[in-house]
Amino acid sequence: MAEHGKGPLAGIRVTDFSWVWAGPFCTLQLAHLGAEVIRIETTKRICVTRLLPPWAEGQPNPNTSGYFNQYNQGKRAITLDLQTSEGQEIARRLVAISDIVVENFAAGVLDRLGLGYEDLRKVKPDIIMISMSGYGQTGPLRHYISYGPAQVPMAGFSTLTGYRHWDQPMHVGLSYGDPNAGHHAAFAILAALWHRHHTGEGQYIDMSQWESTIALLGDAILHQQMMGYQPPRLGNRDPYMAPHGFFRCRPAEPGSLPEGMLLEDRWVSIACASDDEWRALCRVMERPELADDPRFATLEARKQNEDELERIVEEWTLTQDPFEATRKLQEAGVAAFPPLSNKELSEDEGLNAWGAFAEKEHPIVGVRKHIGIPWKLSRTPCEVWRAAPVLGQDNDYVFHQLLGMSEQEIAALKEKGVIV
Amino acid sequence: MPPRALEGLRVIECGRMVAAPYTAKLMADLGADVIKVEEPAGDPARARGPFPGGEPHPEKSGLFLYLNCNKRGITLDLTRPEGQELLRRLVAQADVLVHNYLPWEMEERGLDYASLSQTNPRLVMTSITPFGLDGPYRRYKAQDINVMAAGGWAWINGWPGHPEEPPLKAYGQQTEYQAGAVGAVATMGALLARLKDGQGQHVEVNAQAVVASFLEMTYAGWPYMRVVAVRWGQRPIHPVDFFRCKDGWIFVLCVEEHQWKAFVELMGNPEWAQWEVFKDRISRAQNYDALRPFLEDWIKDWTVDELYRAASERRIPFAPASTMGDLLRSDHLRARGFFVTIDHPAAGAYEYPGAPYKLSLTPWELRSPAPTLGQHNQEVYGGLLGLSQGEMEALKAARVI
Numbered sequence: 042m043a044e045h046g047k048g049p050l051a052g053i054r055v056t057d058f059s060w061v062w063a064g065p066f067c068t069l070q071l072a073h074l075g076a077e078v079i080r081i082e083t084t085k086r087i088c089v090t091r092l093l094p095p096w097a098e099g100q101p102n103p104n105t106s107g108y109f110n111q112y113n114q115g116k117r118a119i120t121l122d123l124q125t126s127e128g129q130e131i132a133r134r135l136v137a138i139s140d141i142v143v144e145n146f147a148a149g150v151l152d153r154l155g156l157g158y159e160d161l162r163k164v165k166p167d168i169i170m171i172s173m174s175g176y177g178q179t180g181p182l183r184h185y186i187s188y189g190p191a192q193v194p195m196a197g198f199s200t201l202t203g204y205r206h207w208d209q210p211m212h213v214g215l216s217y218g219d220p221n222a223g224h225h226a227a228f229a230i231l232a233a234l235w236h237r238h239h240t241g242e243g244q245y246i247d248m249s250q251w252e253s254t255i256a257l258l259g260d261a262i263l264h265q266q267m268m269g270y271q272p273p274r275l276g277n278r279d280p281y282m283a284p285h286g287f288f289r290c291r292p293a294e295p296g297s298l299p300e301g302m303l304l305e306d307r308w309v310s311i312a313c314a315s316d317d318e319w320r321a322l323c324r325v326m327e328r329p330e331l332a333d334d335p336r337f338a339t340l341e342a343r344k345q346n347e348d349e350l351e352r353i354v355e356e357w358t359l360t361q362d363p364f365e366a367t368r369k370l371q372e373a374g375v376a377a378f379p380p381l382s383n384k385e386l387s388e389d390e391g392l393n394a395w396g397a398f399a400e401k402e403h404p405i406v407g408v409r410k411h412i413g414i415p416w417k418l419s420r421t422p423c424e425v426w427r428a429a430p431v432l433g434q435d436n437d438y439v440f441h442q443l444l445g446m447s448e449q450e451i452a453a454l455k456e457k458g459v460i461v
Numbered sequence: 301m302p303p304r305a306l307e308g309l310r311v312i313e314c315g316r317m318v319a320a321p322y323t324a325k326l327m328a329d330l331g332a333d334v335i336k337v338e339e340p341a342g343d344p345a346r347a348r349g350p351f352p353g354g355e356p357h358p359e360k361s362g363l364f365l366y367l368n369c370n371k372r373g374i375t376l377d378l379t380r381p382e383g384q385e386l387l388r389r390l391v392a393q394a395d396v397l398v399h400n401y402l403p404w405e406m407e408e409r410g411l412d413y414a415s416l417s418q419t420n421p422r423l424v425m426t427s428i429t430p431f432g433l434d435g436p437y438r439r440y441k442a443q444d445i446n447v448m449a450a451g452g453w454a455w456i457n458g459w460p461g462h463p464e465e466p467p468l469k470a471y472g473q474q475t476e477y478q479a480g481a482v483g484a485v486a487t488m489g490a491l492l493a494r495l496k497d498g499q500g501q502h503v504e505v506n507a508q509a510v511v512a513s514f515l516e517m518t519y520a521g522w523p524y525m526r527v528v529a530v531r532w533g534q535r536p537i538h539p540v541d542f543f544r545c546k547d548g549w550i551f552v553l554c555v556e557e558h559q560w561k562a563f564v565e566l567m568g569n570p571e572w573a574q575w576e577v578f579k580d581r582i583s584r585a586q587n588y589d590a591l592r593p594f595l596e597d598w599i600k601d602w603t604v605d606e607l608y609r610a611a612s613e614r615r616i617p618f619a620p621a622s623t624m625g626d627l628l629r630s631d632h633l634r635a636r637g638f639f640v641t642i643d644h645p646a647a648g649a650y651e652y653p654g655a656p657y658k659l660s661l662t663p664w665e666l667r668s669p670a671p672t673l674g675q676h677n678q679e680v681y682g683g684l685l686g687l688s689q690g691e692m693e694a695l696k697a698a699r700v701i
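Protein chains in written order, with the working numbering: chain A, 42 to 461; chain B, 301 to 701.
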């Protein structure tokens, strides 16, 4: 088995109480950087993502979920019931030998278990702890629970995103509040670690997923104040670029697509940020006369005649394969790319050549092509050292090796329903 | 004054639009000294709105103002050898250089990592790119919409059952924000590694891979079940949908069975809720066409806020479809002091989104509004680099700064 301990955070240990997606996505970043992340789980209440599809070959099992296995790569996992006082005591012992604690329960849950920041700093004075609840630890709504998909409308994305002519809020296609909170939480933890290195002080971080999601909409918040109304729904258009959107391409050949895909569902995204790029697009479309057409010569003109502009561009894309169109456009200096399905992503030439995938042997599902680490460090390379853990995979390592419990002790705790 | 977490770190930002500027913003807001290097024409974000009253002005772009608080700003023409030399001198005194130029743009200017690390071996250089430093797409251009497409996000956004509509882009420059946040994470990783031996390194962020890394469960559908992802909305469980209230829209979300039961109770236990076709979350999804009209009919008489609170008190995680005005008026966000007022000399005073996290000892803080174009030229070229007045005049005359 691969050895743990490479990367810039080698030697840093994380006690991970988090579940579902936001917290685990934060600790995934820390694991990618080489930290030893230990997930605290229990079979009495299994993490939501272990119970959701896709399961390997469609067979439901807490250890075969692709959702869980994607976001928990490179972590360790133990089973420990935190509702028992022994479980709480063991968790505190683990925190005493950790550097970082991550949790994303609703405010107050860990305090009630004797595992709040004030309890934990007693056993590890320089611990860095982050709470990533939906609403934060203070404020009148702090006890409300929140789920990732709800952060999208809560933060305002749903009234800003949407087809131009549709009068209804839209989602953004994924529970965006979760991974965004994960990225921001990881950064806050690393900044606190930097501070601890220089001063010896740990600290507590109160993160509200709602607020960290609104942080992505600074321009819209200012638009409201500067204009007196919020940005209108523009669909795929952009106020400062034209053409800018998804254009339908030539239908795929019958039989060339996997089941469930429509032959007509072929598109290419094109964005022209300058008049030069527009002229390059005209050359690629073999419509050089359009370059000097006053209806389209400037951004202002193109915005004014955007319906006609889009019709003309689509007339061309309808004759093109999306990947072929992308190659021609990029060679001419025009930003373009097809919207990749998950299948196409997995097969994408660029991602594969760059090394974006991690394929480690998992004890139950074998080797699956997961998305790996989206950055590279030149001198202290980061790598996914092993696949996501099965339930309780590291019980022996943590209870025996790290915490020094005897086999009898461990057996007794299993018997009592603490290590379950 | 409380200590700052990243006090003492100097960051040179050669950023355009959102990605690298957001990396540097995250660091500046926790105390790093960020010097933003703009080309003489200014960061393209200055040309993008919103602008007060809709009047374009390079010092009044809401996008630029938001992303560049707490930074010092200088102008420098990086296409000229004199400009490149000045950047090298700045980098010699810096901990971090973060940029989002295309890989070949930096190479052609002699500003690649191999050359800059000779000047400063402690340097952490962070390159945020659409597709990575090498590979078949290294010369490809990409705007946010193209990265959203390439990373597999656009494919799953949009509305199901409407093949006439294209995939849909999320509002704003979201792929840039996430690549920028990942840039900050990886940069901190490299800085923490430097504590061990004093050596810097090159950090490369691939925005396409960043997006691919957060597609929820949809990506894994291929390697686990050979299932091609569909647009969000074609959901395996229900209700997870928007409904119209008297005064706006609410997002109805029942993920767990106990949440649905609590919702049925809130609705006064209607008879239809006992029907076999709605017995569990999967059945409700399969028979959603029948379910939705019942819910529509009950929800339409509520105001958004009343229903949101009534549901949340029962631990059902509904959410309002907030407008920007709703957010600015939120008692909860006010009580937490989330919005901060920033008075900019040209643009005036507005409320900005504040701390995305609250660190107990080393708080997020606002020290200064975004710099005007070249505001700190004198301070940085004269003070930090020790150029004489005459040298600066000559560089200005030559339009290098």
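Here a beta-carbon is modelled for each residue, glycine too, at the ideal position from N, C-alpha and C.
Neighbour list for residue i in chain B, Cβ cutoff strictly below 7 Å
i: A:Pro194; result: Phe551, Ala619, Pro620, Ala621, Ser622
Residue i - partner residues in DSSP beta bridges
i: B:Gly648; result: B:His644
i: B:Trp575; result: Answer by DSSP bridge pairing: none, since B:Trp575 is not bridged.
i: A:Lys466; result: Any question about residue 466 of chain A goes unanswered here, given that chain A covers just 42 to 461.
i: B:Cys369; result: Its beta-bridge partners do not exist; DSSP assigns none.
i: A:Met173; result: A:Met248
i: B:Pro620; result: B:Ile550
i: A:Phe398; result: A:Ile412
i: A:Leu418; result: B:Val503
Start and end residues, alpha helix (DSSP H) containing residue i
i: B:Ala694; result: 689 to 697
i: A:Val164; result: 158 to 164
i: A:Asp219; result: 218 to 240
i: B:Phe514; result: It is not in any alpha helix (DSSP H) - B:Phe514 carries neither H nor E in the DSSP assignment.
i: A:His212; result: Counting along the chain, A:His212 falls outside any alpha helix (DSSP H), and DSSP gives it neither H nor E.
i: A:Gly286; result: A:Gly286 -> not in any alpha helix (DSSP H); beta strand (DSSP E) instead, spanning 285 to 289.
Buried or exposed by the 16-neighbour rule on C-beta atoms within 10 Å, applied to residue i
i: A:Ile405; result: exposed
i: B:Ile582; result: exposed
i: B:Trp404; result: exposed
i: A:Ala43; result: Below a pLDDT of 50, predicted positions are generally treated as unreliable, and A:Ala43, at 48, falls in that range; no measurement from the model is reported.
i: B:Tyr652; result: buried
i: A:Ile141; result: buried
i: B:Leu306; result: buried
i: A:Asp389; result: buried
i: B:Asn569; result: exposed
i: A:Thr339; result: exposed
i: A:Tyr281; result: exposed
i: A:Leu304; result: exposed
6 Å CB neighbourhood of residue i in its chain, flanking five on each side removed
i: B:Thr562; result: The question names Thr, but residue 562 of chain B is Ala in the sequence shown. Contacts found: Arg614, Ile616.
i: B:Val540; result: Leu553
Own chain, CB closer than 8 Å to residue i, minus 5 neighbours either side, in chain order
i: A:Thr125; result: Lys457, Gly458, Val459
Neighbouring residues, chain B, relative to residue i (Cβ below 9 Å)
i: A:Lys417; result: Gly432, Leu433, Ala486, His502, Val503, Glu504, Val505, Asn506
i: A:Thr56; result: Going along chain B, no residue has its Cβ under 9 Å from A:Thr56, so there is no contact; the nearest lies around 18 Å.
i: A:Arg162; result: Result: empty, since nearest Cβ-Cβ is about 10 Å, beyond 9 Å.
First and last residue of the uninterrupted beta strand (DSSP E) at residue i
i: B:Ser417; result: Element bounds for B:Ser417: not the beta strand (DSSP E) but the alpha helix (DSSP H), 413 to 419.
Where residue i meets chain B, residues with beta-carbon distance less than 8 Å
i: A:Gly149; result: Neighbours of A:Gly149 on chain B: none; closest Cβ ~13 Å, over 8 Å.
i: A:Arg409; result: Ala520, Pro523, Tyr524
i: A:Ser126; result: Those within 8 Å of A:Ser126 in chain B number zero; the least Cβ separation is about 26 Å.
Contacts of residue i in chain A (Cβ-Cβ under 8 Å)
i: B:Ile599; result: Those within 8 Å of B:Ile599 in chain A number zero; the least Cβ separation is about 14 Å.
i: B:Thr518; result: Leu215, Asn383
i: B:Leu365; result: Leu263
i: B:Gln478; result: Pro220, Asn221, His224
i: B:Gln499; result: Arg420
Where residue i meets chain A, residues with beta-carbon distance less than 7 Å
i: B:Asn446; result: Ser310, Ala312, Ala376, Ala377, Phe378
i: B:Asn457; result: Val213, Gly214
Residues of its chain near residue i, where Cβ-Cβ distance is below 7 Å and the 5 sequence neighbours each way are ignored
i: B:Val482; result: Val505, Val510
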